[in-house]
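Comments concern the structure below.
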Amino acid sequence: MSESPPDFEGYSCPLPLPPGDRVVLGHGSGGRLSRDLLTRLLLPALGTAAPRHLDDSAVLQFGSELLAFTTDSHVVSPLFFPGGDIGRLAVCGTVNDLAMVGARPMALTAGFVLEEGLEFGELGRILESMAQAAREAGVYIAAGDTKVVQRGAADKMFINTSGVGWVAPGQAISGAGAKPGDVVLLSGPIGDHGMAVLSAREDLGFETDLVSDVAPLNHMVHAMCEAGPVNALRDPTRGGLATALKEIADQSGVSIELHEKTIPVRPAVRAACELMGFDPLHVANEGKLVACVPAEASERVLEAMRASRYGEEACRIGEVGHGTRGRVTLQTAIGGTRLIDMLAGEMLPRIC
Amino acid sequence: MKYIDEYRDRESVQRLLGALRSNVTRPWTLMEICGGQTHAFLRFGLDALLPSDIELVHGPGCPVCVTPVEQIDRAVAIAGREGVIFTSFGDMLRVPGTRSDLFAVRARGGDVRVVYSPLDAVKLAQDHPERQVVFFAIGFETTAPANAMAAIAARARGLSNFSMLVSQVCVPPAMEAILASPRNRVQAFLAAGHVCAVMGYWQYHPIAARFHVPIAVTGFEPVDLMRGMHAVVTQLEAGQAKVDNAYGRVVSEAGNRPAQEAMAKVFEACDRQWRGIGMIPLSGLRLRPQFADLDAEARFDVGHVEANESSLCIAGEVLMGHKKPTDCPAFGRECTPTSPLGAPMVSAEGTCAAYFRYARPQE
């Protein structure tokens, strides 16, 4: 290099971008950008009747009865992935959103947006898969709608499902109910769905034997509520476990401390995350739940989870505390501590 | 996971921490070069376990962070052109240019695609002969060989619709620039293990000698990081200044010769702007004249680029190790990963992003 070093005084830095004037993919990531979209645009325009808590389902009161009500649109690509397909996902997603507020799912609607050219064979397999998932969950599909758009206007097919469920008196669960002293329970290994879908995308070129965990969790939630009080519940879908727990900590006004060693992650998920530079805590799940439960009930609830088909690997991963409200920390495997936050935008593979 | 778990072993880390503690007699300031190392320190919470006499400052080794804003503006201009498929590593899409980022170009209808290997971009060019495929070739010596291979492959396949927007940078000139700065505080370096896997570490002997600074080639797992720190602190305490290889399981003195040959065939050294820092002589790589026809800057005449940077964020000071992200008044307030003021808040390897994600002070 030259003899006179460059002058580093007066460093310059990137200008802030003007506030974005368009939707970007990150707005659908389920993390911080999604929340921004919700609080800046959707809630001010449409949220007048919304309940205070942004839970997975709204809970509406009819006289003395409580009805849970929710909706979810599914746009997964590819339509078929290891362990599932868009049809099973569409049923389980809405069933689980109902279950997370303590409701017993009763009926769903299904709205289809089909792209011109979709093969009947594919559509048939997806419908059969929806029917099977609905049978397993014990819900029926009560109404539906179909629209077809020109080739190129949709990616093969999109499915919207809405659902209603009945909430037993005194059984409503919210993300706002976690209390200091609660134990945090997780129903099984994280990241299976996100990495299975990613591995099914052609452009990635890595092969795994991972399968998605997509499953209806309502029967497990029912068993958990029978076993003991459940103070807070979330299914860590888009944005992953980190986002779900950060939401609970924010909503409940508590701190949460996790223990890295106790959080189960399958070796294939860990390996794929290492390769791509992802944090398994941010990877999507479609058949897992995380619960905050009073310590004295935790063993009973854990037993109930483990006795359920989709909770055999359930475990305790942390505690709810009195610390800074909304703060989620992780005791790392080597004995350090770090902060857990929700996903900022889209998950991007790292460069090197 | 075999070959990772043993390097994340609590007992081994604690043992090395103990050795480090008993070794340190006075304060030392160390810099880890690579953003991957910064993230590892914070992700494992290792920084908080270090003896208080050891101060870590974080280096410029984040390829996204140091790519100059002019190049991002050029990328944005080219990516918005009709008929262009613009390809890039994913991280780069979110980095703000003067007025836009590549995500916004995509939202406006530009064909911007994430590729996982530069050879995927070459294949896109092959599959779409009617389109112009441009690859954003950024990064350090870690990405340069594969990016060089893309140029070689495009040439071998006779593709006339493939080009590269090149903004490669090299580590050793940046280390020299940091050490030559009048405000330098760095007393020893943890050299970037993956860069050394490609380049070896023969380049570092003159730096260690000229600036009398210990350097340890260092990996990315907690045990690797501890070994690197242990190596340089031992040298500092003994008054030595040489190059240690604390990442011998991956790095050799000579490095990866075929990778170096591919780089040398395609690229040559040039002066390069580093975002937030300034021009560092001979710190970049550009296409050699024999490959000039693949140069996207020449192929797409984007004209004069008026790049604007503000003085609000202190990215340059952070990248040079003069300041910590938490010294910045905008950190965590005006500047967050969703509305970054500076590139270090954007990238998976950016120092500010690492602090925001893993070590934000109490709100």
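If you read the protein sequences in the order shown, they are chains U and D. Residue 287 in the numbering used here sits at position 287 of the first sequence, with consecutive numbering throughout. Residue 1209 in the numbering used here sits at position 209 of the second sequence, with consecutive numbering throughout. Ideal Cβ placement from N, Cα and C applies to all residues, glycine included.
Write down the C-beta distance between residue i and residue j rounded to the nearest angstrom, noting that I regard them as a contact closer than 8 Å.
i	j	result
Leu1056/D	Phe1041/D	7 Å
Ala232/U	Ile256/U	With a Cβ gap of about 10 Å, Ala232/U and Ile256/U do not count as contacting.
Val1198/D	Glu1261/D	About 11 Å; that fails the 8 Å criterion.
Leu258/U	Leu330/U	5 Å
Leu1179/D	Leu1030/D	Wrong, their Cβ atoms sit about 13 Å apart, outside the cutoff.
Ala1354/D	His1039/D	5 Å
Val1024/D	Pro1051/D	5 Å
Return the residue from the list the options that minimises the CA-CA distance to residue i.
i	options	result
Glu286/U	Ile334/U, Leu118/U, Asn96/U	Asn96/U
Gln1273/D	His1039/D, Ala1177/D, Gly1045/D	Ala1177/D
Arg1275/D	Arg1249/D, Ala1188/D, Cys1313/D	Cys1313/D
Thr1143/D	Asp1101/D, Ala1216/D, Pro1063/D, Val1133/D	Pro1063/D
Arg1010/D	Met342/U, Asp145/U, Gly336/U, Leu343/U	Gly336/U
Leu217/U	Leu281/U, Ala271/U, Glu312/U, Gly144/U	Glu312/U
Ser34/U	Leu245/U, Gly239/U, Gln251/U	Gly239/U
Thr243/U	Cys225/U, Pro267/U, Val283/U	Val283/U
Tyr310/U	Met130/U, Asp250/U, His219/U, Leu330/U	His219/U
Pro1118/D	Val1134/D, Gly1110/D, Gly1109/D, Ala1104/D	Val1134/D
Ala142/U	Val59/U, Leu302/U, Met130/U, Val148/U	Met130/U
Val197/U	Ala272/U, Ile173/U, Tyr140/U, Glu226/U	Ala272/U
Cys1335/D	Val1251/D, Leu1236/D, Cys1352/D	Cys1352/D
Gln61/U	Pro280/U, Val221/U, Trp166/U	Trp166/U
Phe1267/D	Asn1147/D, Phe1086/D, Val1013/D	Asn1147/D
Gly1109/D	Arg1081/D, Pro1337/D, Gly1316/D, Leu1190/D	Arg1081/D
Val164/U	Gly93/U, Arg270/U, Val149/U	Gly93/U
Asp1111/D	Asp1327/D, Phe1291/D, Ala1125/D, Val1084/D	Val1084/D
Please confirm whether residue i and residue j have their CB atoms less than 9 Å apart.
i	j	result
Ala90/U	Ala110/U	yes
Asp1271/D	Leu1282/D	yes
Ala1107/D	Leu25/U	yes
Val1166/D	Asp1295/D	yes
Pro1068/D	Met1320/D	no
Leu289/U	Pro236/U	yes
Leu1285/D	Cys1170/D	yes
Ala1208/D	Ala1241/D	yes
Arg1155/D	Thr332/U	no
Leu114/U	Thr70/U	no
Leu1093/D	His1230/D	no
Val328/U	Lys261/U	no
Glu1089/D	Tyr1116/D	The residue you asked about is not Glu; residue 1089/D is Phe in the sequence shown. Cβ atoms of Phe1089/D and Tyr1116/D: closer than 9 Å.
Gly175/U	Asp56/U	yes
Val320/U	Pro229/U	no
Asp1193/D	Ala1254/D	Here residue 1193/D is Gly; the residue named in the question, Asp, does not match the sequence. Cβ atoms of Gly1193/D and Ala1254/D: not closer than 9 Å.
Arg1026/D	Val1223/D	no
Ala223/U	Met276/U	no
His1058/D	Val1318/D	yes
Gly144/U	Phe120/U	no
Ile334/U	Leu1046/D	yes
Pro1173/D	Tyr1204/D	no
What residues from chain D crowd round residue i, counting only those whose CB sits closer than 8 Å?
i	result
Val75/U	Per Cβ cutoff of 8 Å: no residues; Val75/U is ~16 Å from chain D at best.
Arg22/U	Ala1104, Ala1107, Arg1108
Asp250/U	Correct list: empty, because the minimum Cβ distance to chain D is about 11 Å.
Name the chain U residues whose beta carbon is nearer than 9 Å to that of residue i?
i	result
Ile1004/D	Arg270, Ala271, Glu274
Pro1222/D	Thr332, Ala333, Ile334, Gly336
Gln1014/D	Ile334, Gly335
Residues of chain D with CB closer than 9 Å to the CB of residue i, please, in chain order.
i	result
Arg88/U	Ordered by position in chain D, no residue passes the 9 Å Cβ test against Arg88/U, which lies about 27 Å from the chain.
Arg32/U	Thr1336, Pro1337, Thr1338
Asp341/U	Pro1337, Phe1356, Arg1357, Tyr1358, Arg1360
Chain D partners of residue i, CB-CB under 7 Å?
i	result
Arg338/U	Leu1042, Arg1043, Gly1045, Tyr1358, Ala1359
Asp36/U	Thr1338
Closer than 7 Å by beta-carbon distance: list the chain U residues that pair up with residue i, in chain order.
i	result
Leu1287/D	The contacting residues do not exist; Leu1287/D stays about 20 Å from chain U at best.
Asp1010/D	Contrary to the premise, residue 1010/D reads as Arg rather than Asp in this sequence. By Cβ distance, chain U contributes Ala333, Ile334, Gly335.
Chain U partners of residue i, CB-CB under 8 Å?
i	result
Ala977/D	Since the displayed chain D opens at 1001 and closes at 1363, residue 977/D lies outside it and no answer follows.
Stretch-stretch touch, CB-based, cutoff 8 Å, three pairs: the region 1127 to 1143 of chain D with the region 1158 to 1170 of chain D: yes
At least 3 beta-carbon pairs within less than 8 Å: the region 144 to 161 of chain U vs the region 65 to 82 of chain U: yes
At least 3 beta-carbon pairs within less than 8 Å: the region 1245 to 1264 of chain D vs the region 1212 to 1223 of chain D: yes
Contact between the region 188 to 196 of chain U and the region 261 to 268 of chain U (3+ Cβ pairs under 8 Å): yes
Any 3 or more C-beta pairs closer than 8 Å across the region 36 to 45 of chain U and the region 126 to 141 of chain U: no
Cβ contact (3+ pairs, closer than 8 Å) linking the region 1095 to 1112 of chain D and the region 1338 to 1351 of chain D: yes
Three or more C-beta pairs below 8 Å linking the region 1174 to 1188 of chain D and the region 1076 to 1086 of chain D: no
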